[in-house]
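Structure, as structure tokens:
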Amino acid sequence: MKLDVMSSQCPSRRYLATLTSKWAILIVNALGHRPLRNGELLRTVDGISQKMLTQTLQELSVLNIVQRDDKKTIPPHVEYKLTVLGHSFRKEANSLIGWVEASLPLMSERTWRPKTS
Numbered sequence: 007m008k009l010d011v012m013s014s015q016c017p018s019r020r021y022l023a024t025l026t027s028k029w030a031i032l033i034v035n036a037l038g039h040r041p042l043r044n045g046e047l048l049r050t051v052d053g054i055s056q057k058m059l060t061q062t063l064q065e066l067s068v069l070n071i072v073q074r075d076d077k078k079t080i081p082p083h084v085e086y087k088l089t090v091l092g093h094s095f096r097k098e099a100n101s102l103i104g105w106v107e108a109s110l111p112l113m114s115e116r117t118w119r120p121k122t123s
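Just so we're on the same page, my numbering is the position in the sequence shown counted from 1, plus 6.
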């Protein structure tokens with residue numbers, strides 16, 4: 007099968023939807039410097055709920071973007087880190103983040119009210 011993201015039947019659409027979610031991009035950005043534990047991610051990615059953090063980490067893990075490292079200790083110690091593919095994606099995500107930050111003055115000329123999630 008030829009991959010074509012413009013086709014509704016292309017499996018790449020499912021991956022694109024996951025990778026371009028705001029939480030995925032912010033989590034990948036947060037994990038760019040070092041592995042982080044769940045609580046650290048909650049504090050770093052301001053506004054994310056525990057449910058969304060867990061769901062997004064699971065999705066990113068399935069896509070081989072994030073690796074979950076369970077230290078098998080009591081109390082539990084679990085860290086999340088980027089895979090090689092995750093670091094590659096982070097470069098692209100950071101380009102988008104930089105573009106949004108640089109372009110914000112042009113995009114917010116009109117009153118903009120973000121939708122609440």
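For glycine and all other residues, C-beta sits at the position ideal for the given N, C-alpha and C.
Keep in mind the model is a prediction, meaning the values are calculated, not measured.
Looking at the structure shown, is residue i part of a helix, part of a strand, or coil, going by DSSP?
i   : result
R96 : helix
K77 : coil
K8  : coil
Quick check on the DSSP output: the alpha helix (DSSP H) that includes residue i runs from which residue to which?
i   : result
K57 : 56–68
G45 : 44–50
T24 : 18–25
L31 : Residue 31 is actually Ile in this sequence, not Leu. From DSSP, the alpha helix (DSSP H) with I31 extends over 28–36.
For residue i and residue j, I'd like the C-alpha separation in whole angstroms.
i    : j    : result
I54  : L63  : 12 angstroms
S13  : P82  : 44 angstroms
M113 : S101 : 17 angstroms
From this set, the options, which residue's C-alpha is nearest residue i's C-alpha?
i   : options              : result
P39 : Q56, S67, Y86, E65   : It is worth fixing the name first, because residue 39 is His in this sequence and not Pro. It is Y86.
L66 : A108, T89, R49, G104 : T89
Tell me the residue span of the beta strand (DSSP E) that contains residue i.
i   : result
V84 : 84–88
Return yes when the Cβ of residue j is within less than 8 angstroms of the Cβ of residue i, no when it is not.
i   : j   : result
R20 : V11 : no
L25 : N44 : no
I71 : L91 : yes
Does any residue of chain C bring its CB to less than 8 angstroms from the CB of residue i?
i   : result
G38 : Within the model displayed, chain C is absent; a lone protein chain is all it includes.
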